[in-house]
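A quick write-up on the structure given underneath.
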């Protein structure tokens, strides 16, 4: 396998990132059912929400040389999206890589495979999403890999420059041209949800608020 290193994609604007950081993946999931990664890819630090520009990596099995090299190319606000090409055994991110990524300004990493050194990752505060822990790690063998080619991560095709939104509920990938509108819709929906929460606290029945009870009554009447 040879190396492919493509140019870095344009980054999302600060305004779009700010809007995405106000949106919850679960809110977007009420109306959009595509672009979400496999739910088994979960946060090592579940209390954070991150949005950024996708930088894609394809790393073969036991090799992480290209990941180490990419940490010299990334920009503040980038999100590393790592396609392990089917490998679910070798952890390509651990404590040292997490620290190097954080110091380089990387916003987060999402891995279609395991990571290691969870306590060190948490201690340095670098947000990682992955398929769980593994004690078996990669090495810098320089066997090959690709940087900034379309990659597959969690069942989603990710292109360099895509918008990535990550929180405790999951990982969402959006085309950059759709990100702002999706964020705006989510923020508006969250405001309505906040109103609904207050109504429930005041004692209103959820079925009355949502209209579910009226729909069931109408269905039973027509049966």
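Residue numbers (this note's numbering): 6 to 228. Note that the Cβ used here is the ideal one computed from N, Cα and C, for glycine as well.
State the beta-bridge partners of residue i as determined by DSSP.
i	result
residue 191	Answer is none; residue 191 lacks a bridge partner.
residue 290	Nothing can be reported for residue 290: it is not among the residues displayed for the chain, which extend from 6 to 228.
residue 135	47
residue 176	171
residue 152	10, 62
Less than 8 Å between the CB atoms is what I'm expecting for residue i and residue j, so what's the real figure, rounded?
i	j	result
residue 11	residue 54	Not confirmed; about 28 Å, so no contact.
residue 98	residue 133	6 Å
residue 152	residue 167	Not really, about 15 Å apart at Cβ, beyond 8 Å.
residue 87	residue 117	7 Å
residue 82	residue 33	Actually they do not touch by this definition, with Cβ atoms about 20 Å apart.
residue 79	residue 109	5 Å
residue 56	residue 169	7 Å
In three-state terms, what does DSSP make of residue i?
i	result
residue 37	coil
residue 46	coil
residue 144	strand
residue 182	coil
residue 123	helix
residue 28	coil
residue 227	helix
residue 197	helix
residue 18	coil
Any heavy atom of the ligand NAP closer than 8 Å to the beta-carbon of residue i?
i	result
residue 167	The ligand NAP is not part of this structure, which contains no ligands at all.
Following the continuous alpha helix (DSSP H) through residue i, name the residue where it begins and the one where it ends.
i	result
residue 208	Unbroken run through residue 208: none, as it is neither H nor E.
Exercise for the section: Return the chain-ordered ranges of every alpha helix (DSSP H) run that is complete within the stretch 43–117 and spans a minimum of 4 residues. Expected result: 70–75, 100–108
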